[in-house]
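Quick note, the sequences are listed as chains V and D, same order. Under our numbering, think of the first position of the first sequence as 60, with each following residue one higher. Under our numbering, think of the first position of the second sequence as 1086, with each following residue one higher. We put the beta carbon where it would ideally sit given N, CA and C, even for glycine.
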Amino acid sequence: RKEVEQDPGPFNVPEGATVAFNCTYSNSASQSFFWYRQDCRKEPKLLMSVYSSGNEDGRFTAQLNRASQYISLLIRDSKLSDSATYLCVVSLTPPFSGGYNKLIFGAGTRLAVHP
Amino acid sequence: EPEVTQTPSHQVTQMGQEVILRCVPISNHLYFYWYRQILGQKVEFLVSFYNNEISEKSEIFDDQFSVERPDGSNFTLKIRSTKLEDSAMYFCASSDGQVVEQYFGPGTRLTVT
Chain V
60 RKEVEQDPGP FNVPEGATVA FNCTYSNSAS QSFFWYRQDC RKEPKLLMSV YSSGNEDGRF
120 TAQLNRASQY ISLLIRDSKL SDSATYLCVV SLTPPFSGGY NKLIFGAGTR LAVHP
Chain D
1086 EPEVTQTPSH QVTQMGQEVI LRCVPISNHL YFYWYRQILG QKVEFLVSFY NNEISEKSEI
1146 FDDQFSVERP DGSNFTLKIR STKLEDSAMY FCASSDGQVV EQYFGPGTRL TVT
């Protein structure tokens, strides 16, 4: 079983649409969770950390369900500039704990927003 | 905004040659990492580095690989004898040790012929 699983997509949506991505992780000891965004042949860029209570940053909302080992990302009012691959990432290191940590990446979900 | 930088952006080398990939992490960060991404595949952890020593390394990080922080700013990844399968994008990342978020450099595309 893969450590982090994501639907590869692509998700093709019109501008203004709401789109949701899901991710499952296999290691119940995972402590920190993130969504990164990666444009074609570029570096992963941190989109948001995901906290147990869920969190929102503008048009982006992330949720975590530890019992189901499931993370989600909701994008509202999609923009053309949201077109990218969204990477679900987990770590065994607790947030705010300091220390080194190894990020475990999913293969990503590709989003294409069209006019 | 401070950022991680990497040089070169693209390196072409012949099989069996040594390469050194260079990174300048964010200046107040304490933890440094290398990841790689083979074209079309996921990002994979290679190694983490703190206080001038390796904290953790993956199975990929075999004896052909080494890391070094030769001075107060640079962080390098050396591959001693490159193989065709080492062709990938290599990303350097750093974190400040207070929170776990890591910030990535733009990557070095390594092509082994």
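Is any beta-carbon of chain D found at less than 9 Å from that of residue i?
i, result
"ILE134 (chain V)", "no"
"GLY167 (chain V)", "yes"
"ARG60 (chain V)", "no"
"PHE70 (chain V)", "no"
"ILE130 (chain V)", "no"
"PHE155 (chain V)", "yes"
"LEU175 (chain V)", "There is no way to answer for residue 175 (chain V), as the model of chain V reaches only from 60 to 174."
"GLY158 (chain V)", "yes"
Would you mind stating whether residue i and residue j have Cβ atoms separated by less than 9 Å?
i, j, result
"ARG96 (chain V)", "TYR129 (chain V)", "no"
"ARG1154 (chain D)", "PHE1117 (chain D)", "yes"
"LYS1127 (chain D)", "GLY68 (chain V)", "no"
Output needed for residue i: all residues of its chain with C-beta closer than 8 Å, excluding positions within five of it in sequence on either side, in chain order.
i, result
"GLU74 (chain V)", "SER137, LYS138, LEU139, VAL172, HIS173, PRO174"
"SER1180 (chain D)", "HIS1114, LEU1115, TYR1116, TYR1118, GLU1186, GLN1187, TYR1188"
"ASN1137 (chain D)", "ARG1154"
For residue i and chain V, any beta-carbon pair shorter than 9 Å?
i, result
"ARG1194 (chain D)", "yes"
"ALA1178 (chain D)", "yes"
"GLU1186 (chain D)", "yes"
With H, G and I counted as helix, E and B as strand and the rest as coil, what does DSSP make of residue i?
i, result
"SER91 (chain V)", "strand"
"ASP141 (chain V)", "helix"
"ASP1171 (chain D)", "helix"
"MET107 (chain V)", "strand"
"THR1090 (chain D)", "strand"
"HIS1114 (chain D)", "coil"
"LEU162 (chain V)", "coil"
Looking only at its own chain, which residues have a Cβ that is under 7 Å from the Cβ of residue i, when we skip the five neighbours before and after it?
i, result
"SER1172 (chain D)", "LEU1195, THR1196, VAL1197"
"ARG135 (chain V)", "THR77, ARG118"
Among the residues of its own chain, which have a CB less than 6 Å from the CB of residue i, if the five just before and after it don't count?
i, result
"GLU1103 (chain D)", "ARG1165"
"THR1161 (chain D)", "ILE1105, ARG1107, GLU1153"
Between residue i and the ligand FMN, is there a pair consisting of the residue's CB and a ligand heavy atom that are separated by less than 8 Å?
i, result
"TYR1175 (chain D)", "In the structure shown, the ligand FMN is absent, as is every other ligand, since no ligand is present at all."
If you measure from the beta carbon of residue i to each beta carbon in chain B, is any gap under 9 Å?
i, result
"SER1140 (chain D)", "No chain B is present in this structure, whose protein chains are V and D."
Report task. Report yes or no: do three or more beta-carbon pairs, one from the region 69-87 of chain V and one from the region 97-108 of chain V, lie closer than 8 Å? Result -> Proximity of the region 69-87 of chain V to the region 97-108 of chain V falls short of the contact definition, fewer than three beta-carbon pairs being nearer than 8 Å.
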